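Engineer:
In the numbering used here, the protein residues as written are 9 to 196.
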């Protein structure tokens, strides 16, 4: 591989990552940012927990904030949980306040089961205290895709359902697939 091609590949990878990071912040509404912009972290710690068999159970970080003398902690960054067999159970990218941005779930055999990408973050909180204290004040709209297991075969997972959630409740039109084609839709 010549140097010019290698540099183009590096540039392409950089631009892909750059635009992914931009898109993660793009879905935050002004109401959500109004509160998150007021907070400053005072510490972030990484944790690794293991099963009794010595295999990793989960890896995550907690970010700590203080507001009016009360300390708050939220999961932040990447959170990965594993099955006892060592395969990933799920991996989640989240903002500095524990709000999921991207989640991938896996079957115990390692096949991708479901993906979810947050497309809008909003809040109905009226104060910073309410924002920090109540999960019910955060409104998360996400796009979910559910897949059939590959069962050892190679290739791309087969999509079986696709639709949106608002705080873990199905909304809008969901599509059900068979052999790559929409066979049914259901409205919520």
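All C-beta atoms, glycine included, are put in the ideal place defined by N, C-alpha and C. Please read all numbers here as calculations on a predicted model, not as lab measurements.
#1: Cα separation between residue 150 and residue 120?
#2: If you draw a straight line from the C-alpha of residue 188 to the C-alpha of residue 127, how long is it?
#3: Return the bridge partner residues of residue 136 from the DSSP annotation.
#4: Since residue 44 and residue 105 should fall inside the 8 angstroms C-beta cutoff, what is the C-beta to C-beta distance between them, to a whole number of angstroms?
#5: Go ahead and pull the three-state DSSP assignment for residue 31.
#6: Looking at the secondary structure, which residues open and close the alpha helix (DSSP H) in which residue 105 lies?
#7: Take residue 90 as the anchor and find which of 154, 84 and 113 has the nearest alpha-carbon.
#8: Spell out the partners DSSP gives residue 2 in its beta bridges.
#9: Under 8 angstroms by Cβ, that's how I've got residue 130 and residue 40 pegged, so tell me the actual separation to the nearest angstrom.
#10: Comparing C-alpha positions only, which one of 166, 142 and 146 sits nearest to residue 123?
#11: In whole angstroms, what separates the C-alpha of residue 158 from that of residue 72?
#12: Determine the contact status of residue 58 and residue 67, defining contact as a CB-CB distance below 8 angstroms.
#13: Using three-state DSSP, classify residue 68 as helix, strand or coil.
#14: Determine the burial state of residue 46: buried for a count of at least 16 other Cβ atoms within 10 Å of its Cβ, exposed for fewer.
#15: Inspect the beta-carbon positions of residue 152 and residue 173 and report whether they are closer than 8 angstroms.
#16: Can you grab the Cα-Cα spacing for the pair residue 194 / residue 186, in whole Å?
Structural biologist: The short version:
#1: 18 angstroms
#2: 24 angstroms
#3: Its beta-bridge partners do not exist; DSSP assigns none.
#4: 6 angstroms
#5: Confidence at residue 31 is low in this model, with a pLDDT of 46, below 50, so the placement of that residue should be treated as unreliable; the coordinate-derived value is given next. Of the three classes helix, strand and coil, the one that applies to residue 31 here is helix, per DSSP.
#6: Taken as a continuous stretch (DSSP letters only), residue 105 belongs to no alpha helix (DSSP H), as it is neither H nor E.
#7: 113
#8: Residue numbering for the chain in the displayed model covers 9 to 196; residue 2 lies beyond these limits and cannot be assessed.
#9: 6 angstroms
#10: 166
#11: 40 angstroms
#12: no
#13: strand
#14: exposed
#15: yes
#16: 15 angstroms
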